[in-house]
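**Q** My structure is below; once you've seen it, I'll send some questions.
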Amino acid sequence: MDYLICDSDWKIQELSLDLQDLLREEIQPRLNGDIRNVLPELIGLEELMITIIQGECPRFEIEGIQRTSRYFDLSLMPYPQATTPQLLVTVCDTTEKMILKQELGQVAKEAELALYTLSRAKSYIDQVMQVISDVLIVTNTAGRMKYVNKATEELFGWTAAELLHQPLTILFADFPRVITGQEARSEFPVWLLGRDVEVICVTRRGERLMVAFSCTQLRVGHSVAPEYVCVGRDVTLRKRTEARMLRQSQHDRLLGEITRNIRQSLELDQVLQTTVQLVQQLLHCDRVFILKAENHIQGKVLHMACPDCQDDYIGHRYRLHWHNSHLTLQALHCDDCAPPIPWEEQDLIFTLFNQSQFWGSLVIQRSHSPWTSEELYLLRQLADQVSIAIDQAELYRQLQQANEALQAQADSDALTQLANRRAFEAHLRREWQLAIRESTSLSIIFADVDYFKAYNDYYGHPEGDRCLVKIAHMLRKSVQRPADVVARYGGEEFIVLLPNTQKEGLMHLMENIRQAIANLQIPHVRSPITDHVTLSLGGATEQPQPYSDSQALILHADQALYAAKSHGRNCAVLWSSIC
Amino acid sequence: MAISKKICLVGDFSVGKTSLIRRFVDDQFSDEYLSTVGVKLSRKLVDVDATADNAARQVELLIWDIEGQTQFKAIAPSYLQGAKGAIIVADVKRDDTLVHLQNHVDLFFKINPKGTIIIALNKADLVTPTLLATLLDKYALQRHNPRVIDTYATSAKTGQAVNVIFKQLATAILTDP
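For the protein sequence lines, the chains are A and B, in the order given. Numbering of the first sequence is given in this note's numbering, commencing with residue 1 and proceeding in unit increments. Numbering of the second sequence is given in this note's numbering, commencing with residue 1001 and proceeding in unit increments.
Right under this line is the structure:
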């Protein structure tokens, strides 16, 4: 240790010999020189040094002063041996200690800087993890959570402290979800590995969520045991929307098919059967019935769709129950032989109308899931469509009836109710083709009331009409096969079409007719040949050929009739006998 | 003969105190970090411009490069004793060094109540001008203490504002009654 002693004017009074080597100052320390020239570190400390010289401050130290590559400590203290107050400044070489300190400090400070950089990076990553809106969970090899971000806490309602060290699977529905100390299965659910694996999860409040997890394995360094990083996104809303859109699409399709079916078919039975089948299939119903009301308390099952039913309900009658002007079925009581129908609270009955009148019911039963508002809305629309179909079918039926009546009027003779000439021509064309195909013969009879003009002139037209009606009635009675057609050909002329009839049978039938009319004994005082009404008949038979003409057959029958007239009337003549 | 004045560079470790001095005294810079232990004295003559009250003159700055503060070791108050001014230095890339600025200011004024301080937000070349403007506004400690004369964004690497802070501090010390 070296030293300097100076007075209160900072003049060096004494010094040790080795100072120059330590201080390395250009200015040599010399007696009476200013101590501050060799120790500029003292500049600015003059006031302090005075207090030390005066004994007011016992000591002041400056450690670790670096001078080129050397370090020293300065200690300032009063120098008591002097006659006048003086300052003792000791200079202690600490180079070795300070170099070691510098080396250690360098390492420590570099480490602290690296630590700071790392902590900044970690803090940055932490912030990123915390602000992302997706769930981020890191688990250990055993599938127990070791990191969860804020989004995880917010989505599931558990705090990070509650989740850490718990199995990931406690977040999943259908897994034990109460957080307890019990040991759960100690392995990561490997089926989660991959992208967008959708899992039904459950929150602390019991709310079920659909979360799409993307999990990857993470091996840190050379660790044998992998960890797992799971990113999860709540897709509940998206899934619900998709499901709703799918249901809406199915409902639209169902309604569309039924509506199309109603438009395409006027057959009510077909519409109703398609309806119950589509409703059952698309809404996964247990049973769908359509009951036709027979009265206000009883309905009969017309159609049903029930794939799993052992019993056949069609045709059986069940009791309808009215309550507060709504039709409900507390129970469908069966008749004696009808199979019972189990009834549950959520089963539905929709009233079907025909022209605003109660027509029947659409009964829909489904026990496995409650009805959604969309399904109920759909079914109401559907019931309306079915009612429209019923209306349409009823209108169609009425139209058919009217058409049939019109057709009947158009084809019949108003006086005799026999087929008229137009209807006869249609029958002839049909039977002609049939006879060609079947290679059978076809016969025609022309019949004419003898001296009918004279009858009319004498008895009057009303009586003439009554005469014609009686003859027509007898003609119809005489011709009994369903395919035979009797028609009024015009005036007092009648014509009979006889499919599959040979000339022998034809002659026999003509004679029977002639006799039957004669037997009617309708008086005819103006007849030159007898006192009652008689018929002349001409018949012709032909086996139609593909290129032959049916009108020829009529002509032949007409010619035979003319021959009968020529032969004195009240007789029957075959065309084959005159040609 | 120029008057000598002691000033100190104070701040957390590795904020660039030694680099600022080296740029000012020797006009040199090195990216290599060599931590300072203890204290090292540098000297430089600075021309102080004439003012209304004083003629132009020279001052010799005795610049104390003081070992930076770490979380385990505070700055030795004995180093600050007798200083007329200080440049308190922080690293704009390290928030903690900025936060500690006020502590260093307080320590200096506790030992030297009549001292003068300039704040240097160093390593300004490493951040965007926008962030720099924000920091200059946030750490404008001169708003709260008249003896803090200004805050500068500095860079020992580029030399930005280095001479300015030393000269402004020297001027303030000399003109301070």
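Ideal Cβ positions, reconstructed from N, Cα and C, are used throughout, including at glycine. Please read all numbers here as calculations on a predicted model, not as lab measurements.
Do I258 (chain A) and L278 (chain A) have their C-beta atoms closer together than 8 Å?
**A** By one-based count along the first sequence, residue 258 (chain A) stands at place 258. By one-based count along the first sequence, residue 278 (chain A) stands at place 278. For I258 (chain A) and L278 (chain A), yes; Cβs fall inside 8 Å.
**Q** Is there at least one Cβ from chain A nearer than 8 Å to Y1079 (chain B)'s Cβ?
**A** Walking along the second sequence from the start, residue 1079 (chain B) turns up at place 79. Interface residue, yes.
**Q** Among all the DSSP beta bridges, which residues are the ones paired with R514 (chain A)?
**A** The count along the first sequence starts at 1 and reaches residue 514 (chain A) at position 514. DSSP lists no partner for R514 (chain A).
**Q** List the residues that DSSP assigns as beta-bridge partners of A1090 (chain B).
**A** Stepping through the second sequence from its first residue, residue 1090 (chain B) is reached at position 90. The partner list for A1090 (chain B) (beta bridge, DSSP) reads B:L1121.
**Q** Counting only Cβ pairs nearer than 7 Å, list the residues of chain B close to E41 (chain A).
**A** By one-based count along the first sequence, residue 41 (chain A) stands at place 41. Within chain B, the residues near E41 (chain A) are L1041.
**Q** Could you give the DSSP three-state label for N1112 (chain B): helix, strand or coil?
**A** Locating residue 1112 (chain B) in the second sequence gives position 112, counting from the first residue. If DSSP states are grouped into helix, strand and coil, N1112 (chain B) belongs with coil.
**Q** With 8 Å as the threshold, decide whether the Cβ of E63 (chain A) is near any Cβ in chain B.
**A** Position 63 of the first sequence, counting from 1, holds the residue named residue 63 (chain A). Interface residue, yes.
**Q** Return the chain-ordered list of same chain residues with a C-beta closer than 7 Å to the C-beta of N420 (chain A), the five sequence neighbours on each side being excluded.
**A** As a working note, residue 420 (chain A) is residue 420 in the first sequence. Contacts found: D411, S412, D413, A487 and R488.
**Q** Roughly how many angstroms lie between the CA atoms of G105 (chain A) and F72 (chain A), to the nearest whole one?
**A** Residue numbering aside, residue 105 (chain A) sits at position 105 when the first sequence is read from its first letter. Residue numbering aside, residue 72 (chain A) sits at position 72 when the first sequence is read from its first letter. Using only the alpha carbons, I get a separation of about 18 Å.
**Q** List the residues of chain B whose Cβ lies closer than 9 Å to the Cβ of M77 (chain A), in chain order.
**A** Position 77 of the first sequence, counting from 1, holds the residue named residue 77 (chain A). Under the 9 Å cutoff, chain B gives no residues; its nearest Cβ is about 14 Å from M77 (chain A).
**Q** From F60 (chain A) to I99 (chain A), what does the alpha carbon distance come to, in whole angstroms?
**A** Within the first sequence, residue 60 (chain A) is the residue found at index 60, counting from 1. Within the first sequence, residue 99 (chain A) is the residue found at index 99, counting from 1. About 23 Å.
**Q** Can you give me the Cβ contacts of L1234 (chain B) inside the same chain, cut-off strictly under 8 Å, excluding the 5 residues immediately before and after it?
**A** Residue 1234 (chain B) is absent from the structure shown; chain B starts at 1001 and stops at 1177.
**Q** Using a Cβ-Cβ distance under 8 Å, would G44 (chain A) count as near chain B?
**A** By 1-based counting over the first sequence, the position of residue 44 (chain A) is 44. Closer than 8 Å: yes.
**Q** Anyone know if the C-beta pair for M49 (chain A) and L87 (chain A) falls short of 8 Å?
**A** Position 49 of the first sequence holds residue 49 (chain A). Position 87 of the first sequence holds residue 87 (chain A). Result yes, Cβ atoms of M49 (chain A) and L87 (chain A) sit closer than 8 Å.
**Q** Using a Cβ-Cβ cut-off of less than 7 Å, give me the residues of the stretch 150 to 162 of chain A that come near chain B, in sequence order.
**A** Per Cβ criterion, the list is empty.
**Q** Can you name, in chain order, every residue of its own chain whose Cβ lies under 6 Å from the Cβ of E511 (chain A), other than the five neighbours on each side?
**A** Numbered from 1 along the first sequence, position 511 holds the residue referred to as residue 511 (chain A). Excluding positions up to five away in sequence, the list reads A572.
**Q** May I ask you to report which of helix, strand or coil DSSP gives Y79 (chain A)?
**A** Stepping through the first sequence from its first residue, residue 79 (chain A) is reached at position 79. Strand.
**Q** Using only the alpha-carbon positions, how far apart do Q409 (chain A) and E375 (chain A) sit?
**A** Counting from one through the first sequence, the residue named residue 409 (chain A) turns up at place 409. Counting from one through the first sequence, the residue named residue 375 (chain A) turns up at place 375. Their backbone Cα atoms lie some 50 Å apart in a straight line.
**Q** Would you say K122 (chain A) reaches chain B, if we count a Cβ-Cβ gap shorter than 8 Å as a contact?
**A** For the purposes of this step, residue 122 (chain A) is taken as the residue at position 122 of the first sequence. No, its Cβ sits nowhere closer than 8 Å to a Cβ of chain B.
**Q** Against F1013 (chain B), what residues of chain A qualify as contacts under a CB-to-CB distance less than 7 Å, listed in chain order?
**A** Taking the first residue of the second sequence as 1, we reach residue 1013 (chain B) at position 13. Chain A residues near F1013 (chain B): K109.
**Q** Determine, using beta carbons only, whether T51 (chain A) comes closer than 8 Å to chain B.
**A** Counting from one through the first sequence, the residue named residue 51 (chain A) turns up at place 51. Closer than 8 Å: no.
**Q** Rounded to whole angstroms, what is the Cα-Cα separation between H1100 (chain B) and A1086 (chain B)?
**A** Counting from one through the second sequence, the residue named residue 1100 (chain B) turns up at place 100. Counting from one through the second sequence, the residue named residue 1086 (chain B) turns up at place 86. Each residue's alpha carbon lies about 15 Å from the other.
**Q** Exposed or buried, which one is W191 (chain A) when buried takes at least 16 other CB atoms within 10 Å?
**A** Here residue 191 (chain A) corresponds to residue number 191 of the first sequence, with the count starting at 1. Flag for W191 (chain A) reads exposed.
**Q** So the alpha helix (DSSP H) L553 (chain A) belongs to, where does it begin and stop?
**A** On the first sequence, position 553 is the one that residue 553 (chain A) refers to. Element bounds for L553 (chain A): S550 to S566.
**Q** Ignoring anything shorter than 4 residues, give me the alpha helix (DSSP H) runs that lie fully in the stretch 134 to 220 of chain A, in order along the chain.
**A** If we require 4 residues or more, the alpha helix (DSSP H) runs fully inside the stretch 134 to 220 of chain A come out as 150 to 156 and 160 to 163.
**Q** Assign D312 (chain A) to one of three DSSP states: helix, strand, or coil.
**A** The count along the first sequence starts at 1 and reaches residue 312 (chain A) at position 312. It is coil, neither helix nor strand.
**Q** For Y71 (chain A), list the residues DSSP reports as bridge partners.
**A** Position 71 of the first sequence, counted from the first residue, corresponds to residue 71 (chain A). Answer is A:Q66.
**Q** I'd like the ranges of any alpha helix (DSSP H) spanning at least 4 consecutive residues and lying wholly in the stretch 352 to 425 of chain A.
**A** Listed in chain order, the complete alpha helix (DSSP H) runs (minimum 4 residues) inside the stretch 352 to 425 of chain A are 373 to 411.
**Q** Measure the C-alpha to C-alpha separation of E492 (chain A) and N403 (chain A) and round it to an integer number of angstroms.
**A** Along the first sequence, read from residue 1 onward, the residue named residue 492 (chain A) stands at position 492. Along the first sequence, read from residue 1 onward, the residue named residue 403 (chain A) stands at position 403. C-alpha separation (whole angstroms): 29 Å.
**Q** Expressed to the nearest angstrom, what Euclidean distance is found between the alpha-carbon atoms of D134 (chain A) and L1080 (chain B)?
**A** The residue given as residue 134 (chain A) occupies position 134 in the first sequence. The residue given as residue 1080 (chain B) occupies position 80 in the second sequence. Spanning the two alpha carbons is a distance of roughly 53 Å.
**Q** Taking only runs of the alpha helix (DSSP H) that begin and end inside the stretch 228 to 304 of chain A, which ones reach a length of at least 4 residues, in chain order?
**A** If we require 4 residues or more, the alpha helix (DSSP H) runs fully inside the stretch 228 to 304 of chain A come out as 236 to 264 and 268 to 282.
**Q** Can you tell me which of A:Q480, A:D312, A:Y313 and A:L268 puts its alpha carbon nearest to the alpha carbon of I390 (chain A)?
**A** As a position in the first sequence, residue 390 (chain A) is number 390, starting the count at 1. Of the candidates A:Q480, A:D312, A:Y313 and A:L268, the one whose C-alpha sits nearest the C-alpha of I390 (chain A) is A:L268.
**Q** Output the distance between the C-alpha atoms of R466 (chain A) and N570 (chain A), rounded to the nearest integer angstrom.
**A** Along the first sequence, one-based indexing puts residue 466 (chain A) at 466. Along the first sequence, one-based indexing puts residue 570 (chain A) at 570. Straight-line Cα distance between these residues: approximately 20 Å.
**Q** Under a Cβ-count criterion, where at least 16 other Cβ atoms within 10 Å of its own Cβ denotes burial, should A293 (chain A) be classed as buried or exposed?
**A** Within the first sequence, numbered from 1, the residue matching residue 293 (chain A) stands at position 293. So A293 (chain A) counts as buried.
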